[in-house]
Amino acid sequence: MNKYYSITELTREFGVSTRTLRFYEDEGLIHPERRGRTRLFRAADRRLIQEILRGRRIGFTIAEIREIIQVYKEPPGEMGQLKLLMKRVDEKREELRQKRKDIDDTLAELNNVEEACLTRLAEIGVGT
Numbered sequence: 001m002n003k004y005y006s007i008t009e010l011t012r013e014f015g016v017s018t019r020t021l022r023f024y025e026d027e028g029l030i031h032p033e034r035r036g037r038t039r040l041f042r043a044a045d046r047r048l049i050q051e052i053l054r055g056r057r058i059g060f061t062i063a064e065i066r067e068i069i070q071v072y073k074e075p076p077g078e079m080g081q082l083k084l085l086m087k088r089v090d091e092k093r094e095e096l097r098q099k100r101k102d103i104d105d106t107l108a109e110l111n112n113v114e115e116a117c118l119t120r121l122a123e124i125g126v127g128t
């Protein structure tokens, strides 16, 4: 017997809105069965939602997630998907390292500005 999940079950499980799941469906990332107006999600849809949300948490765009999912469906399949995922993870990691460097540089500059202000205030005889 096939286990189906309702949209309500999945929204509760993953803490997302029904609109989010409908968006993923509109984007072609998941393909629930339809019975009238009711969406029925299979275990495979549930796993995909889990992976989509994980991808979003680590900063992947919908287009990047779609690409990773699509690679799995075509040759070379899982191997190609894993290699692409590793490449995307490396790119995301480098992007985050650059952002961290930019933040560190900005914090250092703010410290310099603050120090210059304190020095000037001391020069003109104003206490902080």
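The sequence shown begins at 1 in full-length UniProt numbering and counts up one residue at a time.
Each residue gets a CB set at the ideal place from its N, CA and C atoms; glycine is no exception.
The model shown is predicted, which means the values in this text are computed figures rather than measured ones.
Taking Cβ positions, are residue i and residue j nearer each other than 8 angstroms?
i: LEU29; j: ARG66; result: yes
i: ILE7; j: ARG39; result: yes
i: LEU85; j: ILE68; result: yes
i: ARG88; j: PHE60; result: yes
i: ILE58; j: LYS83; result: no
What does DSSP give as the partner residues of residue i in its beta bridges?
i: PHE41; result: TYR5
i: GLU33; result: LEU40
For residue i, which residues of its own chain have a beta-carbon under 7 angstroms away from its beta-carbon, when the five flanking residues on both sides are left out?
i: GLU78; result: TYR72
i: ILE52; result: TYR24, LEU29, ILE65
i: TYR4; result: LEU40, PHE41, ARG42
Would DSSP call residue i helix, strand or coil?
i: THR18; result: helix
i: ILE52; result: helix
i: THR61; result: coil
i: GLU27; result: coil
i: GLU109; result: helix
Candidates the options: which alpha carbon is nearest residue i's?
i: THR11; options: GLU27, HIS31, ILE49, ASP102; result: ILE49
i: PHE14; options: ARG37, ARG56, ASN2; result: ARG56
Can you list, in chain order, the residues of its chain whose CB lies under 8 angstroms from that of residue i, leaving out five sequence neighbours each side?
i: GLY80; result: VAL71, TYR72, GLU74
i: ARG34; result: LEU40
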